[in-house]
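Chemist: In the numbering used here, the protein residues as written are 19 to 334.
Yeah, the Cβ is synthetic: ideal placement off N, Cα and C, and Gly gets one too.
Got a structure for you, written out below as structure tokens; questions coming shortly.
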Amino acid sequence: MVAWSQSPCHVPCGELAQGTERRAARDGRSDVKTHKAHAVGIDLGTTYSCLAYLNEHGEPVTLANQEGELATPSVVFFDEDQQVVVGTEALRNAIVRPDRFVQNSKRHIGDPSHCWTIDGQDYTPVDIASYVLRKLLTAAHEQMGAVERAVVTVPAQFSELQRRATIEAGHRAGLKQVDIINEPVAAALCYVLGTEGLGFTELADEQRILVYDLGGGTFDLSLVKYHQDEVCVVASSGDLHLGGIDWNAALERAICDRFLADFHADPREDSRSLQALSLEVETTKRSLSVRPRAALTVQHDTHRKTYQVQQQKFAN
């Protein structure tokens, strides 16, 4: 049974869409770097994060990171020189030193007792989130100048403690002002942008949207209504521990069990083998979204085998 929670959340569209970038556009400044009042929107996800702004035409534009990627893996690697590596490069390093790698930290944000200890130093979920945010903000700074304000998305089911922790991460990353918006509301705003025009003109009739948001680590289902330049979450439900990484975990378990049966060797007993398999599983899952079958190669000890994963079996 789905339990729906009522939410009084009202978000005037104009407050978000007609912000500092739009004011800059009205002043005739068309180049990103010439904007004076820099505010951005950030999707801080369990598995991937991204940052966007409104250009001179009022259109949302996602900024690439320093590697040219529009989505940055929300992972952190601590190298032996005390350098913090975030994103794709962190994923590459994780295969060699999985003990220095942190992923899926969003699932623990708001839990002050959870931490990762590396070289005797404890890192909290807020620390990890701040590193990911800093990565995004650094790339934004290079393209548009200093960014001082941001709206960060969070699951509708996030508690007040989790929201405060997210805001704290933003401050640690260098932001002076951090506002929070529920992910379903952000999705509804995107829908309005795409269907009603970029000016957020007032709607004559009230409309309702069912927002289905299945992300890398969380799931939200929200009923959203918007009318006369205002968005409101009527009711919401979801699961903070259901997302793409759970599909990965299920496939990973199944493949490890088959490998164990074939070779009497378990990749789960070696952190490097398991980390390499995790990356293979993610690639395979993505392939199965568009193909009926995909190959998945497992290597552990002296054994190596490629399995064919069927989309139908994976879906079941």
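1) Taking only three categories from DSSP, how would you classify His318?
2) Got a sec? Which residues, its chain only, sit under 6 Å from Ala82 by beta carbon, not counting five neighbours each side?
3) Is it buried or exposed, Gln180, if we count other Cβ atoms within 10 angstroms and call 16 or more buried?
4) By Cβ distance below 7 Å, which residues in the same chain neighbour Thr219 in space, the five residues on each side in sequence not counted?
5) Please determine, among Thr90, Phe96 and Met162, the residue with the shortest C-alpha to C-alpha distance to Trp134.
6) Please report the Cβ distance between Pro202 and Asp238, rounded to the nearest whole angstrom; I am assuming they are in contact, meaning their Cβ atoms lie under 8 Å.
7) Sort out for me which residues DSSP pairs Val229 with in a bridge.
8) How is the beta strand (DSSP E) around Thr184 delimited, first residue to last?
9) Helix, strand or coil for Asn122 per DSSP?
10) Please classify Val150: does DSSP put it in a helix, a strand, or coil?
11) Following the continuous beta strand (DSSP E) through Ile113, name the residue where it begins and the one where it ends.
12) Would you kindly check if the distance between the Cβ of Val169 and the Cβ of Gly59 is under 8 Å?
13) Going by other Cβ atoms of all chains shown within 10 Å of its Cβ, with 16 needed for buried, is Ser177 buried or exposed?
14) Quick one: Cα of Gly235 to Cα of Val79, how far?
15) So, is Arg304 buried or exposed, given that buried needs 16 or more other C-beta atoms within 10 angstroms?
16) Opposite Ser289 in the DSSP bridges: which residues?
17) Please work out which residues of its chain come closer than 6 Å, Cβ to Cβ, to Ala43, disregarding the five sequence neighbours upstream and downstream, and give them in chain order.
18) In angstroms, rounded to a whole number, what distance separates the CA positions of Val16 and Glu298?
19) Assign Ser307 to one of two classes, buried (16 or more other C-beta atoms within 10 Å of its C-beta) or exposed (fewer than that).
20) What residues are listed by DSSP as bridge partners for Leu69?
21) DSSP puts Pro91 in a beta bridge; with which residues?
22) Answer yes or no: the CB of Val102 versus the heavy atoms of the ligand ATP, is any distance below 7 Å?
23) Among Gly188, Thr184, Val251 and Ala187, whose alpha-carbon lies nearest the alpha-carbon of Leu207?
24) Hey, out of Glu248, Ser255 and His245, whose CA is closest to Val229's CA?
25) Note the first and the last residue of the continuous alpha helix (DSSP H) segment covering Gln100.
26) Indicate the three-state DSSP secondary structure (helix, strand or coil) for Gly262 in the structure shown.
27) Taking a contact to mean a Cβ-Cβ separation below 8 Å, would you say Arg1 touches Gln326 in this structure?
28) Please report the straight-line C-alpha distance between Lys153 and Asp280, rounded to a whole angstrom.
29) Just how far apart, CA to CA, sit Gly63 and Ala313?
30) Alpha carbon to alpha carbon, what distance is there between His321 and Lys331?
31) Nearest to Thr106 by alpha carbon, out of Lys194, Thr65 and Leu260?
Modeler: Looking at the coordinates:
1) In the structure shown, His318 sits in a strand (DSSP, three-state: E or B).
2) Counting only residues of its own chain and dropping the five nearest sequence neighbours on each side, Ala82 has a CB closer than 6 Å to the CB of Leu88.
3) Counting Cβ neighbours within 10 Å, Gln180 comes out buried, since at least 16 surround it.
4) Interpretation of Thr219 is limited by its pLDDT of 49, a score under 50 that renders its predicted location unreliable; the figure taken from the coordinates is listed afterwards. Closer than 7 Å at Cβ, skipping near neighbours: no residue.
5) From the listed residues Thr90, Phe96 and Met162, the smallest Cα separation to Trp134 is found for Phe96.
6) Between Asp238 and Pro202 the Cβ distance is about 5 Å, and since that is below 8 Å, they are a contact.
7) Looking at the DSSP output, Val229 shares a beta bridge with Ser240.
8) Here Thr184 belongs to no beta strand (DSSP E); instead the alpha helix (DSSP H) covers Glu178 to Arg190.
9) Asn122 falls in the coil class under three-state DSSP.
10) Helix.
11) Unbroken run through Ile113 is the alpha helix (DSSP H), Thr106 to Val114; no beta strand (DSSP E).
12) Their beta carbons are under 8 Å apart, which means Gly59 touches Val169 by this criterion.
13) Here Ser177 is exposed. Its C-beta has fewer than 16 other C-beta atoms within 10 Å.
14) Distance between the alpha carbons of Gly235 and Val79 is about 24 Å.
15) Arg304 is exposed by the Cβ-count criterion.
16) In the DSSP output, where bridge partners are listed per residue, Ser289 has none listed.
17) The predicted position of Ala43 is uncertain, since its pLDDT is 35 and thus under 50; a value taken from the coordinates is nonetheless stated next. Non-local beta-carbon contacts of Ala43 in its own chain, meaning distances under 6 Å to residues more than five positions away in sequence, involve Glu74 in chain order.
18) Any property of residue 16 remains undetermined from this structure, which presents the chain solely from 19 to 334.
19) Under a 10 Å Cβ-count criterion, Ser307 is classified as exposed, with fewer than 16 other Cβ atoms of the shown protein chains found around its own Cβ.
20) In the DSSP output, where bridge partners are listed per residue, Leu69 has Ile60 and Leu81.
21) Within the DSSP bridge table, the entry for Pro91 names Tyr66 as partners.
22) As for the ligand ATP, it is missing from this structure, which has no ligand bound.
23) When each option's Cα is compared against that of Leu207, the closest is Val251.
24) Of the candidates Glu248, Ser255 and His245, the residue whose Cα lies closest to the Cα of Val229 is Ser255.
25) Element bounds for Gln100: n/a, residue is neither H nor E.
26) The answer is helix: DSSP assigns Gly262 an H, G or I state.
27) Since the first residue of the chain shown is 19 and the last is 334, residue 1 is not available in this structure.
28) Cα to Cα, Lys153 sits roughly 42 Å from Asp280.
29) Linking Gly63 to Ala313 through their CA atoms gives a straight-line distance of about 27 Å.
30) Taking the straight line joining both Cα atoms gives about 25 Å.
31) Comparing Cα positions, the closest option is Thr65.
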